[in-house]
Structures are given as structure tokens and as C-alpha cells.
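Q: This is the structure I have questions about; it appears just below.
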Amino acid sequence: TFKRKIPETCGRCHSNGELMRPYGIPAVQVAQYQQGIHGQILLGKLPGKDPTLVPTCVDCHGGHGATPPDLKTVHAVCGTCHASEHQYFRKGPHYESAKRTGAPKCTNCHGNHRNTIPAGGLLAAVKKNCGACHKEGEEGYRVALELKQVLERGERVLADFQKATAAQTVNGAGSLFLKGEYARLQNRLSVLKQVTHSADPQEAQGKLAEMEGAARSALLYHQKVLSQKQAGIGPILLALGGLATGIGLISLAGALLILRWKGRREQGAGHR
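Take a look at the structure:
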């Protein structure tokens, strides 16, 4: 079955409420999948995302012997594609809890079929997303607030860098360098988001410090190169001006010689 057709194929049965009712299974999974980020990528609605890499029904449930992932192994199924997030998740307290109780798992925070990327990320609404398990004042809630602050600072680093270099990134001096550094800072912010899966504020702070240092270094280097270029403009212009003056004088002298030569020829012709 063609990859893009897999949800539709599964939906012939799983979107039929009459067929699913005897099994107590809802018939909304395919519709939810199409609304989620995986479905949006598969349908080609998110530019820059590769539909061939996105999971479909069979990647999570299998094909002929389709079953839901075991509660304690959901993170491993998601980790097949989201390897970095899975790696950090295994380092944190949520993984130990998931091994014992089956929760929390990826779907508790991100959803399953209709998985989305909330505006500002999950930590933008700590009370709503983390407060379901962690009460205000508890250690887990405090950690969530710290991670939220780290991510907000990371977002500001990226925004401040863009603002500081806006005038130079539009065909300005060093524009390619600045655009490249901005892309690298975007990658660092993505890593910072991945690190939050470890629920370790100290590790996240370390990644943030690296990002801030990279932004400062890039700006200082660019300013240094720009200053050197500007300092070299004066001598270059002076040299070019001298060259132009020299060429002008030579041209003038040549013109005078030609006129003098023509004058002598005319005088010689008159004597004849």
C-alpha cells in the first residue's frame, strides 16, 4: 500500500462506527491523525517536512497483527524516530516512573493520533500541562517552571540575535555568515527543547549557556570583521582615487601631444 494511502486504507474499517461499536473502539482515529502534525506532514501540508519519514498507522501498531503499543513501551515506539528526545527521556525521572507504572508516556503530554505542537510549547502552560500530575509547590512543578524559564530565555536569544543582525542579513556585509549562524542557533534551540525531556534544569541551563555563548561569539566575530573591512575602505579608496588621477593626467598629456602633432602637420602642409 502506498504510504500516503495507509491511513485511508485502515480507515475503511476504523472510521466505520458500526463496525467498531462491538469492539468498543472509537471511529475517529483517522480523522484525528489527519488533524495532527504527523497527518499534516503526510498530506504535504507542512512545507519543509518530508512525508516519507512520517509514521503512519503501521509504524506504531504494526500491519497484519496490529495492536496498540504496550503502555510501558510507548516511549520506545516514539523513540524510533524521535531518538534524541527518547535518549533524554531515559535519563530522567519520568522514565523510571514509566517503567514502574506505565506513566507518564509520550502520549500523555503530546497526544497520540491528533498530536500537535502547542503555541509556545507544552511548558508555556505549566499549570495546564504539568499540573495534571504535579501540584503547585511540589518539586516536579518547580522543575517545570525552571525549564519553562530556560526555554523562554532560549527563544529570546534567537530573537535578539535576529534583531541585532536584521540590517546586515539583507544583502549586507557578512549576510551569509549571519544567516548561517542564525540557522545554527535555531538548531541549538531545538536541542534545548529536546533536553527538557530529561526534566533536568541543570542540564538545560548548560545547553542554554552554550547557546548564549555561541550567539555572543558570532556577533563579536562579525563586528570584528566588519570593523576591519570598514578600516580598509579608506586606503583602498585613496589608492583608487590616485589611480584615477594618474590615468586622467596620462590621457590629458596624450591628447595634448596628438593636438600638437596635428598642428605641426597642418603647418607643414601650408608651407607647401
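Our numbering puts the first residue of the sequence shown at 3, with every later residue one more than the last.
Glycine residues also receive a C-beta, built at the ideal position from the N, C-alpha and C atoms.
None of these values were measured; they are calculated from a predicted model.
#1: Three-state secondary structure (DSSP) at GLN169?
#2: Figure out for me which residue from TYR223, GLN225, LEU221, SER192 has the closest Cα to the Cα of LYS209.
#3: Straight-line CA distance for LEU45 to VAL227?
#4: Would you mind listing the beta strand (DSSP E) stretches within the region 101-172 that are 3+ residues and don't spill past its ends, in chain order?
#5: Using alpha carbons as the reference points, say which of CYS15, LYS195, HIS63 lies closest to ALA126.
#6: Exposed or buried, what is SER200 when buried is set at 16 or more other beta-carbons lying within 10 Å of its beta-carbon?
#7: Compute the Euclidean distance between the alpha carbons of SER86 and GLY13, then round it to the nearest angstrom.
#8: Going by the beta-carbon positions, is the gap between ARG190 and GLU205 smaller than 8 Å?
#9: Could you tell me the boundaries of the alpha helix (DSSP H) in which ALA185 lies?
#10: Let me check understanding here. Comparing Cα to Cα, which of THR69, ARG158, ILE39 lies closest to LEU55?
#11: For a test of the three-state rule: what should DSSP assign to SER86, helix, strand or coil?
#12: In chain order, what residues of the same chain lie with their CB nearer than 8 Å to the CB of LEU221, ignoring the 5 residues before and after it?
#13: Compare the C-alpha of ALA216 against each of TYR184, THR198, VAL197 and name the closest.
#14: Taking the alpha-carbon positions, what's the HIS63 to ARG23 distance?
#15: Distance, Cα to Cα, LEU149 vs GLY19?
#16: Which residues bound the alpha helix (DSSP H) around PRO9?
#17: Going by C-alpha distance, which of GLN31, LYS130, GLY123, CYS135 is nearest LYS107?
#18: Compute the Euclidean distance between the alpha carbons of HIS66 and ALA169, then round it to the nearest angstrom.
#19: Measuring alpha carbon to alpha carbon, tell me which residue in ASN114, GLU98, GLY81 is nearest CYS59.
#20: Look at the alpha carbon of ARG218 and the alpha carbon of LYS47, and state the distance between them as a whole number of angstroms.
#21: Looking at VAL30: is its Cβ nearer than 8 Å to the Cβ of PRO9?
A: Taking the structure as given:
#1: The question names Gln, yet the displayed sequence has Ala at residue 169. Here DSSP, grouped into helix, strand and coil, assigns ALA169 to coil.
#2: Minimum Cα-Cα distance from LYS209 among the listed residues TYR223, GLN225, LEU221, SER192 corresponds to SER192.
#3: Near 45 Å, if we compare the C-alpha coordinates of VAL227 and LEU45.
#4: Entirely contained in the region 101-172, not one beta strand (DSSP E) run reaches 3 residues.
#5: Closest option to ALA126, Cα to Cα, is LYS195.
#6: The residue in question, SER200, is buried, as its Cβ has 16 or more Cβ neighbours within 10 Å.
#7: Roughly 31 Å between the two C-alpha positions.
#8: No.
#9: Residue range 177-197 is occupied by the alpha helix (DSSP H) that includes ALA185.
#10: Each of THR69, ARG158, ILE39 was checked against the Cα of LEU55, and the nearest Cα belongs to ILE39.
#11: When secondary structure is reduced to three states using DSSP, SER86 falls in the helix class.
#12: Only PHE163, ALA166, THR167 meet the Cβ criterion.
#13: The option with the nearest alpha carbon to ALA216 is TYR184.
#14: Going by the C-alpha atoms only, they are around 20 Å apart.
#15: Put simply, the backbone Cα of LEU149 is about 42 Å away from that of GLY19.
#16: Where PRO9 is concerned, the enclosing alpha helix (DSSP H) stretches over 8-16.
#17: Of the candidates GLN31, LYS130, GLY123, CYS135, the one whose C-alpha sits nearest the C-alpha of LYS107 is CYS135.
#18: Cα to Cα, HIS66 sits roughly 57 Å from ALA169.
#19: That would be ASN114, whose Cα lies nearest to the Cα of CYS59.
#20: Straight-line Cα distance between these residues: approximately 36 Å.
#21: At least 8 Å separates the beta-carbon of VAL30 from that of PRO9.
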